[in-house]
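Counting in my numbering, the sequence shown runs from 63 upward without gaps.
Glycine included, every Cβ here is placed at the ideal spot set by N, Cα and C.
Every value quoted in this text rests on a predicted model; they were computed, and no experiment measured them.
In what follows, a single structure is set out as structure tokens and then discussed.
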Amino acid sequence: MEKQSDEQAASQDVNSEEDAHILNEIYHKLDNEQDKLIKHWINWSRSKVIGELTLSVIYCIVALIFILLFAFSSFLDQQVAHAKVLLLFSLMTVSNLIGLLTMKNERVSNALIVVLLGGLCLYLFISGGVDNTGPLWYFVYPIVALFILNLWEGIFMTVILFWATMMVYSYQVINLDYSLYSGSFITRFFAVYIAIAIMSFLYAYNRSKNDLMHRE
């Protein structure tokens, strides 16, 4: 009986090793396919007008699409004032995109993207957006700021938005309708924002560290 159980255990170990080997091969093939797709994308994007500005152009286009969609939705819901503000932000985004393609200054354009997104977040926090969902866009902000800006710039912009929102909410810098948000919502809102900011910072730090090691 003991011999049979030992054989069964050995057979199970062999089967598990084979399964792990097959799984590793699948992961390896998927990684190779991913690398091929990324190389194809890089070669394609560099051959087009946007050239090395791919990331900034994509952010502008994505932001423009979402803003226009929500502006159109607000018009349909007869929230004309809200739709007009969103259209104003869309015009500023278009201006930033045109400036990026003509002047080729990616760093300035990225900073303007983050500033515009921060301004939009503040407006949505103050106004509440549609059905008080405006503050949800805050959770996108640290990711964008720390991804397209340098590490110190992203941290600075993330802290500035947090500070500005705290001033608006805590010290009545402007006339905010406090009935929009409950105390428990505000507490969890700021806690989640800080958590996302920390995780985004860790990613940006590792990226900067790897870049530094690669240059050295």
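With a threshold of 16 other CB atoms inside 10 Å of the CB of residue i, please say whether the residue is buried or exposed.
i, result
"L159", "buried"
"Y265", "exposed"
"M275", "exposed"
"L186", "buried"
"Y255", "buried"
"G196", "buried"
"M219", "buried"
"L178", "buried"
Starting from residue i, trace the alpha helix (DSSP H) both ways and give me its first and last residue.
i, result
"G190", "G190 -> no alpha helix (DSSP H), and no H or E assigned at all."
"F224", "213-232"
"G196", "First-last for G196: undefined, no H or E at that position."
"S246", "245-277"
"N158", "142-165"
"Y203", "203-210"
Can you give me the Cβ contacts of residue i inside the same chain, cut-off strictly under 6 Å, excluding the 5 residues immediately before and after it?
i, result
"I112", "At I112 the pLDDT is 48, less than 50, meaning the model places this residue with poor confidence; the figure from the coordinates comes in the next sentence. Once the five neighbours on either side are set aside, the close Cβ partners of I112 are V119."
"H144", "S136"
By Cβ distance, which residues of its chain are closer than 7 Å to residue i, with the 5 residues on each side in sequence left out?
i, result
"L130", "S152"
"L92", "none"
"S270", "L213"
Could you round the C-beta distance between residue i and residue j to whole angstroms and report it? I think they count as a contact, below 8 Å.
i, j, result
"A207", "V176", "5 Å"
"A259", "P204", "4 Å"
"C122", "L162", "7 Å"
"N172", "I210", "5 Å"
"Q141", "V192", "7 Å"
"A174", "W199", "One detail in the question is off: residue 174 reads as Leu in this sequence, not Ala. About 17 Å separates the two Cβ atoms, so there is no contact after all."
"I248", "Y267", "The Cβ separation is near 28 Å, so there is no contact."
Leaving out five residues on either side along the sequence, give the residues of the same chain with a beta carbon under 8 Å from the beta carbon of residue i.
i, result
"L242", "G190, N194"
"L126", "S152, T155, V156, L159"
"I222", "G180"
"E80", "none"
"D139", "V192"
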